[in-house]
Each structure stands twice: as structure tokens, then as C-alpha cells.
Amino acid sequence: MGDRLNRVRRKFEPLLRRIFHAYFLLVRGMTLGVRAVVLDAENRVFLVRHSYINGWYLPGGGVDLGETMEQAMRRELKEEGDIDLTGEPVLHGIFFNSHISRRDHVAVYVVRHFRQDRLPEPNREIVECGFFAISALPEGTTLGTRQRLAEVLDGRPLIATWR
1 MGDRLNRVRR KFEPLLRRIF HAYFLLVRGM TLGVRAVVLD AENRVFLVRH SYINGWYLPG
61 GGVDLGETME QAMRRELKEE GDIDLTGEPV LHGIFFNSHI SRRDHVAVYV VRHFRQDRLP
121 EPNREIVECG FFAISALPEG TTLGTRQRLA EVLDGRPLIA TWR
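At position 134 of the sequence shown (counting the first as 1) the number is 134 in full-length UniProt numbering, and the numbers step up by one without a gap.
In C-alpha cells:
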């Protein structure tokens with residue numbers, strides 16, 4: 001059943017992505033998202049795998065109306081990883097996500113001070129999540145995720161685009 005679902009998801013993923021972004025284009029004009037580089041004491045990074053799109057990503061999502069970027073990041077971390085911040089996050093940068101839309105931007109925060117009592121159970125949105133050593137990222141970790149990690153952990157220069 002899981003393989004069949006993955007095949008169907010991969011087949012319709014580009015169409016679904018276009019539909020969602022067309023909807024947001026009509027509703028918002030410009031879309032703004034947030035992602036977080038959550039690093040534990042061993043410098044392992046928290047990644048999530050969604051049910052509706054392939055690959056491993058930094059946790060995050062869209063900024064809702066009336067919400068700041070930081071509020072959205074905190075909400076998404078709670079929803080996707082049962083993570084509560086215990087210190088201040090650091091804004092790493094804001095990136096143009098042109099492979100999604102000519103109007104999409106993503107703010108990335110670095111989080112080092114947090115509490116997570118346990119990993120959340122899989123749900124409709126997040127089918128898998130966990131902390132991974134940088135040298136052992138899971139297969140399918142996206143290019144954008146790898147780029148942000150190289151910037152944060154290896155001091156690579158920031159690239160203005162997501163990819």
C-alpha cells in the first residue's frame with residue numbers, strides 16, 4: 001500500500017504544487033514561508049518527510065495572515081515536531097524560492113535552544129521525522145535543505161535563491 005501511495009503522490013505532486021501555489025497567488029499575491037534549522041546538542045539537524053511531497057525538508061510552512069515570521073516558525077515547529085523554543089531563534093536569511101513561484105520567499109531561522117519531550121507520531125502531514133547527523137542525512141534530503149545546512153554549519157556563502 002505504501003509503495004502504491006508513493007507512486008500516486010509522485011505522479012500528481014507537480015500538479016498539486018501548481019494548484020496550491022495558484023490558489024495562494026490569487027489569495028495572497030506573494031507567498032511567504034518559514035523553515036527552521038533545528039540543531040540539537042550534538043549538532044544533528046531535525047528533518048521532516050511530508051505525506052504530500054517527496055524528500056526530506058527542514059520543518060516549516062506558510063506564514064498565515066496576521067502572523068509574524070517568527071510566530072509562524074514557532075507554530076510549525078510545534079505542529080511538525082512537537083518542538084517548543086526555550087531561547088531566541090536567529091534569522092539566517094530570506095530566500096527567493098523561484099522554482100515554486102516568482103513570488104515565493106522563505107525565511108530561515110536557526111534554532112539551538114528548544115525542548116522536545118518526544119518525537120511525534122506520524123500523521124496525515126508528517127509521515128516521518130527525526131534528528132540526523134550532517135554526515136548521514138537521509139536519502140532524498142532536498143537540495144535547498146542541503147544548501148541551507150552548508151551555509152549554517154560550514155560557513156558557505158548565502159545564496160539568495162532557495163536552490
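A virtual CB, placed ideally from N, CA and C, is assigned to each residue, including glycine.
{"Asked": "Could you tell me whether the region 37-47 touches the region 63-83, where touching means 3 or more Cβ pairs closer than 8 Å?", "Found": "yes"}
{"Asked": "Mind checking L136: buried by the 16 CB within 10 Å criterion, or exposed?", "Found": "Contrary to the premise, residue 136 reads as Ala rather than Leu in this sequence. A136 should be labelled exposed."}
{"Asked": "At a cut of 8 Å, does the region 128-147 reach the region 60-71 through at least three beta carbon pairs?", "Found": "no"}
{"Asked": "Would you call E128 buried or exposed, if buried means 16 or more other Cβ atoms sit within 10 Å of its Cβ?", "Found": "exposed"}
{"Asked": "Taking the alpha carbon of L91 as the reference point, which residue from F20, R10, L158 has its own alpha carbon closest?", "Found": "L158"}
{"Asked": "Helix, strand or coil for Y109 per DSSP?", "Found": "strand"}
{"Asked": "May I have the straight-line CA-CA distance separating G130 from S51, to the nearest angstrom?", "Found": "15 Å"}
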